[in-house]
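Read the structure below first, then the notes.
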Amino acid sequence: MTIQTIAEAKKKVLAGDVTLRELVEGYKSQIEAENEEVNAYVYLNFDSAFEQADAIQKKVEKGEAGALVGAIMGIKDVICERGKPVTCASNILDGFESVYDATVIERLHAEDAILIGRLNMDEFAMGSTNEYSRYGAAKNPHDTTKVTGGSSGGSAAAVAAGMANATLGSDTGGSIRQPASYCGVVGLKPTYGRVSRYGLVAFASSFDSIGPFGHSVEDVATVLQTIAGFDERDNTCSSVEKDDYVVAAQSPKKNIKIGVPEALFGEGLDVEINTGIKEILNKLEADGAELVPIELPHSKYALATYYILATAEASSNLARFDGIRYGHRADKDQMLDELKAEEEALKQAVKSAEGDDLVSLQQELTKLDAPLTRLYKKSRTEGFGVEVKRRIMLGTYVLSAGYYDAYYGKAQRVRRLIKEDFTNAFKNVDVIVTPTAPTTAFGIGEKQNDPVQMYLNDIYTISANLAGICGISLPAGTHSNGLPYGIQFMADSFQESKLLNAARLVELLG
Amino acid sequence: MSVSEKEIRYVANLARLQLTEEDVENLALDMNKILGYMDLLNELDTTEIEPLEHVIEMDSRLRKDEAKPTISHEEALKNAPDADSDYFRVPKVIE
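Chains A and B are the protein sequences, given in the same order. For the first sequence, position 113 (counting from the first letter as 1) is numbered 334 according to our numbering, and the numbering increases by one without interruption. For the second sequence, position 75 (counting from the first letter as 1) is numbered 80 according to our numbering, and the numbering increases by one without interruption.
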């Protein structure tokens, strides 16, 4: 299997060297060979892919093909596609089928991308490894004993294994850039509000962004060009005009100013990654870029701030999963039997109790769940996995009476300080460079017992989500352990062109 | 600050989750570890800082109050675990 970009595939399709049906056939055989091991796709529909191919082929013949002709794409299982299962890799959405298309899906179809399947992820996008999935972990195509990163692990792995030439993921704290780094592909998180989230199942609404993965900077620019822009169905979607992202990726300027936060290239960062990125920066400087030392004084607070705000928002967003209108519902008769047994047991205990015990037992009896409340509880308890429950609990705790100001209010204030750090830095530089992640991909199962250790993988990516700015990760090299690692650029809000420009310069170094 | 097992049970009820004794113990460990890490923020004096609620400038957009088709009644009920032809069905609420 040779890796082929959208740009290359498009050229061949338009020249008549290959038909779209043949192109889909090629990806189908690659998926049949690789997916069982890599576990990137959790749902595939080749019949639909061939139908799309035939319909678009007719447009090609009439000279009417769209910008994404030749794109064979998979979609993270958190973005709604009409008539297809949408589970967010959670048991609570078992059997759910979307009744509408997300705006990004409509836009991909409108430009003639072919959508072939849905991709693995951490449940509800909560995780940095893709291990928290009802479908089991997606595996790193470079070494299948290693994690893909997450939460968009399937989206990164599918591109890396040649099972799609582009995919969509979502990024709330690094969920596009970190797996892109671990899997050796390009991943872009757009500015908050750049891409419509209508049809994206919400995790943390003040952070969530949809963005593309691809083999090349130009390909992610082409997908971004298609999906970005105003949408009246998403009130947080901005009406700021789009740039020509493809041009930015094709003809980069060399004399850019790159901010280097020296403090982030130190403790905790793998030494080889550190050296590798510094070498790239030296080459960019030799080619005309200016390296500017900068400070982001509040970056050490980013992780704590993020995990307060994101879990708070998640606990609120995930309240909708109650087993009533869609998704998993606990067995009603079993639930009623359970309640009845609890009531009987309490009544029996009351009979033989005295004094304080009696009072507390009577209180328990009056506080016993109503059947509907118990149905919510049982459905949610059966449906959500361990990491999702942990975050719902944390989020509910930090929002609860007595703790709101100490945690949530505090974090919102620190978020402003972090945002101001970036605003100040971007007065003097076009982009800021950092590693994407502190290490290469680690072993499956290695970090599951310590949530704080797992959260630390997001240390370089999370600030962009807190500040609402855009970021990109692209391959920076191969570690002596054989695994790829990425370099990250961040640019100010709605400055995706600057990101693509800087990323293309790195790509040109080869 | 540290979270007690009693608080964990209280929060679980608010979050509409059922926890086993083992869950409560594990969550107490995890949450205390994570909340302990979050105490880092107390190094910063933020009394003069306004909370940040929106990361980008957002215009309040008004639209005409027009009725437009969304999804059909049938589609809205399609994914329901239990429904009749008109409504979602739930356990009896009023005795």
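For glycine and all other residues, C-beta sits at the position ideal for the given N, C-alpha and C.
Which residues does DSSP pair with TYR706 (chain A) in a beta bridge?
A:GLY698
Between the Cα of ALA723 (chain A) and the Cα atoms of A:ALA382, A:VAL234, A:VAL438 and A:SER354, which residue gives the shortest distance?
A:VAL438
Residues in the region 541-555 of chain A having any Cβ partner in chain B nearer than 8 Å:
ASP543, GLY544, ILE545, ARG546, TYR547, GLY548, HIS549, ARG550 and LYS553
Does any residue of chain A have a CB that is nearer than 8 Å to the CB of VAL60 (chain B)?
yes
The beta strand (DSSP E) that contains ARG454 (chain A), what's its start and end?
Neither: ARG454 (chain A) is in no beta strand (DSSP E) and is coded neither H nor E.
Roughly how many whole angstroms lie between the Cα atoms of GLU603 (chain A) and ARG550 (chain A)?
9 Å
If you drop the 5 nearest sequence neighbours on each side, which residues of the same chain put their C-beta closer than 6 Å to that of THR350 (chain A)?
VAL368 and GLY371
Using a Cβ-Cβ cutoff of less than 6 Å, which residues in the same chain neighbour ASP64 (chain B) once the five nearest sequence positions on both sides are dropped?
none
In terms of alpha-carbon separation, which member of A:LEU729, A:GLY666, A:LEU524 and A:ARG601 lies closest to ASP44 (chain B)?
A:LEU524
How many angstroms separate the CA atom of ALA288 (chain A) from the CA atom of SER269 (chain A)?
20 Å
Kindly say whether TYR321 (chain A), judged by its beta-carbon, lies nearer than 8 Å to any beta-carbon of chain B.
yes
Counting only beta-carbon atoms, is ASP91 (chain B) nearer than 8 Å to chain E?
The structure shown contains no chain E; its protein chains are A and B.
Range of the contiguous beta strand (DSSP E) that encloses PRO514 (chain A)
511-515
Given this structure, state the Cα-to-Cα distance separating GLY616 (chain A) from THR594 (chain A), to the nearest angstrom.
20 Å
Three Cβ pairs or more, each shorter than 8 Å: is that satisfied between the region 574-591 of chain A and the region 638-653 of chain A?
no
Tell me which residues share the same chain as PRO705 (chain A) and place their Cβ nearer than 6 Å to its Cβ, disregarding the 5 neighbours each side in the sequence.
GLY405, PRO696 and THR699
DSSP beta-bridge partners for ALA88 (chain B)?
B:PHE93
Check whether GLY544 (chain A) and PRO86 (chain B) have beta carbons under 8 Å apart
yes
Below-8 Å beta-carbon distance, ILE99 (chain B) vs any chain A residue
no
TYR217 (chain A) versus ASN476 (chain A): straight-line alpha-carbon distance, rounded:
Because chain A in this structure spans residues 222 to 731, residue 217 (chain A) falls outside the shown range and cannot be described.
Contact under 8 Å by Cβ, PRO400 (chain A) with GLY394 (chain A)
no
Just by C-beta distance, which residues in the region 593-613 of chain A are closer than 8 Å to chain B?
LEU593, THR594, LEU596, TYR597, LYS598, LYS599, ARG601, THR602, PHE605, LYS610, ARG611 and ILE613
Among residues of its own chain, excluding the 5 on either side of SER520 (chain A), which ones have a beta-carbon nearer than 8 Å to its beta-carbon?
PRO482, ALA484, LEU485, ILE639, ASP642 and SER684
Taking only three categories from DSSP, how would you classify ILE61 (chain B)?
coil
By DSSP's criteria, MET347 (chain A) is part of a beta bridge. Which residues make up the other side?
Looking at the DSSP assignment, MET347 (chain A) forms no beta bridge with any residue, so it has no partner.
Is any beta-carbon of chain B found at less than 8 Å from that of ALA632 (chain A)?
yes
If you follow the alpha helix (DSSP H) that TYR527 (chain A) is part of, which residue opens it and which one closes it?
523-538
Does the CB of VAL325 (chain A) have a neighbour CB from chain B at under 8 Å?
no
With a threshold of 8 Å between beta carbons, is VAL29 (chain B) in contact with chain A?
no
Using 8 Å for Cβ pairs, my map puts MET342 (chain A) next to ALA382 (chain A). What's the rounded Cβ distance?
The Cβ separation is near 16 Å, so there is no contact.
Cα-Cα separation between ASP35 (chain B) and VAL635 (chain A), rounded to whole angstroms
23 Å
Alpha carbon to alpha carbon, what distance is there between LEU24 (chain B) and MET675 (chain A)?
23 Å
Own chain residues within Cβ distance below 6 Å of SER694 (chain A), not counting five before or after
ARG398, ALA401, SER402, GLY408, THR657, GLY707 and GLN709
Would a check of beta-carbon distances place TYR522 (chain A) closer than 8 Å to chain B?
yes
8 Å Cβ cut-off: residues of chain A touching ALA33 (chain B)
Under the 8 Å cutoff, chain A gives no residues; its nearest Cβ is about 10 Å from ALA33 (chain B).
Under 7 Å from the C-beta of ASP87 (chain B): neighbouring residues of chain A
ARG550
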